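**Student:**
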Amino acid sequence: MIESVLARHNVKPGVKIAVKTLISAGVIALAVILPQIVHLFSGAQGGVQWLPMYLPVLLGGCLLGWRWGLGVGLLSPLVSFAFTSLAGNAMPAAARLPYMMAELAAFAAVSGLFSEKIARNGWMAFPAVLLAQVSGRLFFLALAAAFQGVSSLSAAVVWSQIQAGLLGLVLQAVVVPFLVMGLRALMNRDRK
C-alpha cells in the first residue's frame with residue numbers, strides 16, 4: 079500500500095527505501111513495546127491470549143508488502159528478544175524465538191501479498207489478515223510437529239497456545255483491517 083502512494087508521488091528509489099525503513103522501524107518498535115504493555119497489565123498469560131506482537135506485524139505486512147513485511151516479521155521477535163534479554167526477562171523465550179520468527183514472517187508475508195489490492199480496495203485488508211492468521215498459525219503448528227522430537231514445543235502444546243490466542247486473533251481480524259483502511263483513507267486524501 080505504501081508502495082502505491084510513493085509511486086503515485088513519483089518518489090525516487092532512495093527516498094522510497096528510506097520511507098519504508100522508517101515505517102519498518104516504527105512497526106518493529108511497536109511490536110516490542112505493545113507486548114510489554116500487555117504483559118504489564120495482564121501478565122505472561124496476556125501475551126498468549128492477546129498476541130500483541132502480531133498486530134503490528136500484520137499491519138506492517140498490509141502496509142509494506144510481502145518483502146518488507148517478511149523482514150518486519152522476522153526482525154520483530156528477534157529485536158524484542160534482544161532488548162528484553164538485556165533487562166533479564168527475554169520475550170519471547172529463547173526456545174520459542176525461532177518458531178515465532180517463522181510464524182510472524184508468514185503472517186507478514188501473507189498479509190503483504192495483499193498490499194497492492196488493499197491500495198485499490200481497503201476492504202481487501204479483511205481477507206489479507208484472515209488468510210495471514212490462518213497461514214501463520216498453521217505454519218507454527220506444522221513446524222512444531224516437524225521438530226517436536228528435538229524441541230520443547232510439541233504440536234499439542236502449540237495447539238493449546240493457538241486455542242488460547244483465538245480471542246486475540248478475532249480482535250485483530252477486526253482491528254487491523256480498520257486501522258489499515260483508516261491509514262489508506264489518510265494517504266489517499268490528496269487524490270480528491
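Numbered according to my numbering, the sequence shown spans residues 79 to 270. Note that beta-carbon positions come from the ideal geometry of N, C-alpha and C, so glycine has one too. Note that the structure is predicted; figures quoted are calculated from it, not measured.
#1: Among Met202, Leu137, Pro170 and Leu108, which one has its Cα closest to the Cα of Val126?
#2: Can you give, in chain order, each stretch of the alpha helix (DSSP H) that sits fully within the region 84-137 and has at least 4 residues?
#3: Can you name, in chain order, every residue of its own chain whose Cβ lies under 6 Å from the Cβ of Thr162, other than the five neighbours on each side?
#4: Taking the CB atoms as reference points, tell me whether Gly214 and Tyr132 lie closer together than 9 Å.
#5: Which value, in whole angstroms, describes the spacing of the CA atoms of Val97 and Phe204?
#6: On a Cα-Cα basis, can you pick out the residue from Leu129, Arg262, Arg145 and Met178 that is closest to Arg198?
#7: When the Cα of Gly139 is compared with those of Arg174, Leu216, Glu81 and Gln241, which residue comes out closest?
#8: Can Leu137 and Leu257 be called in contact, C-beta distance under 9 Å?
#9: Comparing C-alpha positions only, which one of Trp146, Leu129, Leu231 and Asn88 sits nearest to Gly104?
#10: Quick one: Cα of Ser158 to Cα of Tyr177, how far?
#11: Pull up the CB-CB distance for Val188 and Ala210, whole angstroms please, since I reckon it's below 8 Å.
#12: Return the Cβ separation of Pro134 and Ala109 in integer angstroms, given the expectation that the two are a contact with Cβ distance under 8 Å.
#13: Assign Ser229 to one of three DSSP states: helix, strand, or coil.
#14: What would DSSP say about Pro170, mapped onto helix, strand or coil?
#15: Alpha carbon to alpha carbon, what distance is there between Phe218 and Ser232?
#16: Compute the Euclidean distance between the alpha carbons of Gly246 and Gly124, then round it to the nearest angstrom.
#17: Work out the CA separation of Val212 and Pro255 for me, nearest whole Å.
#18: Looking only at its chain, what residues have a beta carbon closer than 6 Å to the beta carbon of Leu141, apart from the 5 residues adjacent to it on each side?
#19: Where Ala153 and Pro113 are concerned, what is the direct C-alpha to C-alpha distance, given to the nearest angstrom?
**Tutor:** According to the structure data:
#1: Pro170
#2: 91-128
#3: Ala168 and Met169
#4: yes
#5: 25 Å
#6: Arg262
#7: Glu81
#8: yes
#9: Trp146
#10: 14 Å
#11: 4 Å
#12: 4 Å
#13: coil
#14: coil
#15: 11 Å
#16: 9 Å
#17: 15 Å
#18: Met79 and Ile80
#19: Rather than Ala, the amino acid found at residue 153 in this sequence is Leu. Roughly 15 Å between the two C-alpha positions.
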